[in-house]
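Worksheet for the structure shown next.
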Amino acid sequence: MKVMKLYGIGSVVVTGTNRGIGLELVKYFSAQDKDTKVIACSRRLSPELESVVKSNDNVSHVELEVTSIDSVQKAFHSVSNIVGDHGVNLLINNAAVKPSNDVGTFICPEKDLDNSFHINVTGTHTVTKDGRCSKPKSTFMLCTGCHIECFIDSI
């Protein structure tokens, strides 16, 4: 039996999907079960992500800027239209940024640290909060990137 069906996961939302881990998660979930709706969220559509969206009927792209409350609300309105009454079953907050310097967190410029915090913490909070409003039976939320947190809610 497929893992997605086994756990009743009919929809997956992944943020930060232009490249790297996010893109690979979209590829993985889209191949698991063609009945599972996979929503890839990113600021823009990279050529690699566009190829995955075009080649998989169960993958949709939704534009999302995690630092903008308006963008997050608009994105989850679009997500709700895609998933319908079933809601979001799995939300993976993968969008993150690492300060551009290699000197480490404790000696990086404050503006870089503020930007990282805004994207990695505040952005994750906003996406998670709005993702919960999609009224699923249950949602598993995972956060990756420069911080690791795991939220499991049973609604």
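As numbered in my numbering, residues 4 to 158 make up the sequence shown, in order.
We put the CB at the ideal spot given by N, CA and C, even for glycine.
Counterpart residues of residue i in DSSP-defined beta bridges
| i | result |
| --- | --- |
| S66 | Per the sequence presented here, residue 66 reads as Glu, with Ser not at that position. Partner(s): S45. |
C-beta atoms of residue i and residue j nearer than 8 Å
| i | j | result |
| --- | --- | --- |
| K37 | V55 | no |
| V82 | V41 | no |
| V62 | V69 | no |
| N96 | V130 | yes |
| T18 | G11 | no |
Contacting residues, own chain, Cβ-Cβ under 8 Å from residue i (five flanking each side not counted)
| i | result |
| --- | --- |
| M4 | In this prediction, M4 has a pLDDT of 43, which is less than 50 and means its spatial position is unreliable; what the coordinates show is noted afterwards. Same-chain partners within the cutoff: there are none. |
| I151 | With a pLDDT of 36 at I151, under the threshold of 50, the predicted position of this residue should be treated as unreliable, and no value is reported. |
| G13 | M7, D38, T39, K40, V86, H89 and N92 |
Residues of its chain near residue i, where Cβ-Cβ distance is below 7 Å and the 5 sequence neighbours each way are ignored
| i | result |
| --- | --- |
| A78 | C44, V65, E66 and L67 |
Boundaries of the alpha helix (DSSP H) in which residue i is found, first to last residue
| i | result |
| --- | --- |
| V96 | The question names Val, but residue 96 is Asn in the sequence shown. Counting along the chain, N96 falls outside any alpha helix (DSSP H), though it belongs to the beta strand (DSSP E) covering L93 to N96. |
| S81 | I72 to V86 |
| K37 | Segment: none, K37 is in no alpha helix (DSSP H) and carries neither H nor E. |
| P112 | Taken as a continuous stretch (DSSP letters only), P112 belongs to no alpha helix (DSSP H), as it is neither H nor E. |
| V56 | P50 to S58 |
Residue span of the beta strand (DSSP E) that contains residue i, given as start and end
| i | result |
| --- | --- |
| K16 | Residue 16 is actually Val in this sequence, not Lys. Run containing V16: S14 to T18, per the beta strand (DSSP E) assignment. |
Chain-order list of residues whose beta-carbon lies under 6 Å from that of residue i (same chain, five-residue window excluded)
| i | result |
| --- | --- |
| N21 | S45, S49 and L52 |
| N59 | S33 |
Cβ-heavy atom distance, residue i to the ligand ZN, below 7 Å
| i | result |
| --- | --- |
| K132 | No copy of the ligand ZN occurs in the structure displayed, which carries no ligand at all. |
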